[in-house]
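Everything on this sheet refers to the single structure shown next.
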Amino acid sequence: MLSFLSTGLFRGLPLSFLLHASLSVAQVTNASIPSDVLLATRNDVNIPNSYTEGSLRGSLILHNGKIHTMDANNTIAKVVAIKDGQIVYVGDSQTDALREGQFGPPTAVHSIDLDGRMAIPGLIDCHNHVVLLGNRPGYHTPLERAYSIADVQATLKQHATTVPKGAFITTIGGFSPNQFKELRLPTLAELDAAAPDHPVFLSTSFSGPATTNSLGKAILSSLPGNNTSVAVSPNGSIPSGLENGKALLALRANLTFADRKRSVLSAMRYAASVGLTTHL
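Note that the sequence shown covers residues -31 to -1, 1 to 249 in mature numbering (1 follows the signal peptide of the UniProt record, and there is no 0).
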C-alpha cells in the first residue's frame, strides 16, 4: 500500500502544505524554545520553505492502481500525477497525466506502476507523541507488528545491524506480551540470541514490566550509587514499578540533545513508512 496526501481535498496544493501547518503550530506553542534550536531542527529535517524546495520537490506519476482520493464521491482513480510537489492530475489516463502535467518526455518524470495495488492519502494523526519518542533512551524499536517471540527476535536482529555496537536497543511501550502467541516477554537467552552485541531493554510501558539480555543485565544490575542498581532475575525479567523505574531513569540520564533529535527523526521515518505523513 502506498500513501500520499489527499488528491480530492488537496488537489493543487503542495505536498508540503500540511507539514508547514504542523511546523507553524510547533513554532507558536514552543515560543520559549531558543530560535537557534528551532532553526537547527528545521534545517536538520530538511523542511522546505515551499513545494519547489527540499525533499518534496519532484515529479511522479502513480498509475495502474486503485487510488483512493477520499473526495465527496469516494472516487477511486487509476492514475495520479505530481509535479514539483503539487498534485496536478487525478484520473484514469497516464497519457492525460503526462499532458496535463506538462512534464515533457516520459523520461522526465518518475513513474511507478502500482500493479493493481491500493494507494491512499497520507494519514494525519492529530494526537501522538513524537517528542515523547525523542525522550525514550536508546535506539527505539517498534514492536507493534510482532506477533511472536520469533518476530521480536527477527525485528531486533535486523535493527541491530543499524545500531552502533554496545548501544542500547530499546522498546518502551507500544506493545504487550498478550500480542505474542507465547503470551509472555522474551527471556534473557532469547534476547541474547537476537542481539548478542547490544544491551537490550524492552518494557511494556513506563512502569513495566520489562526484560533485558545479558549485556543489559550486567549494566543495570551494577549501577553506581545507593539503591540505584536494578533487580534483574536470572531470566532477564524486571518487575513493574520501582525496579523498572530505576532502569528507565538510569538510561535516560545519559540522553543528549543529539540522541533526542535522532530518536524524533527515527519516529517520523517509521511513521511515514506505515502511511502516517502528518503529525499535528
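Quick reminder that beta carbons are idealized off the backbone N, C-alpha and C, glycines included.
Computed from a predicted model, the values in this text were never measured in an experiment.
According to DSSP, S80 shares a beta bridge with I30. Within its own chain, the residues whose Cβ lies closer than 8 Å to the Cβ of N223, once the five positions on either side in sequence are excluded, are P106, listed in chain order. Counted as a single uninterrupted DSSP element, the alpha helix (DSSP H) harbouring V233 occupies residues F226 to S242. Collapsing the DSSP output to three states places T247 in a strand. Around the Cβ of Y116, a 10 Å sphere holds fewer than 16 other Cβ atoms; the residue is exposed. For G205, the closest C-alpha among the options E159, R231 and A240 is that of E159. Secondary structure at H128: helix, using DSSP grouped into helix, strand and coil. DSSP places T38 outside both helix and strand once states are collapsed to three, so it counts as coil.
In the DSSP secondary-structure assignment, H167 is not bridged to any residue. By the C-beta density criterion, Q127 is exposed, having fewer than 16 other C-beta atoms within 10 angstroms.
Across the set L154, K134 and H37, the C-alpha of K134 shows the shortest separation from the C-alpha of Y108.
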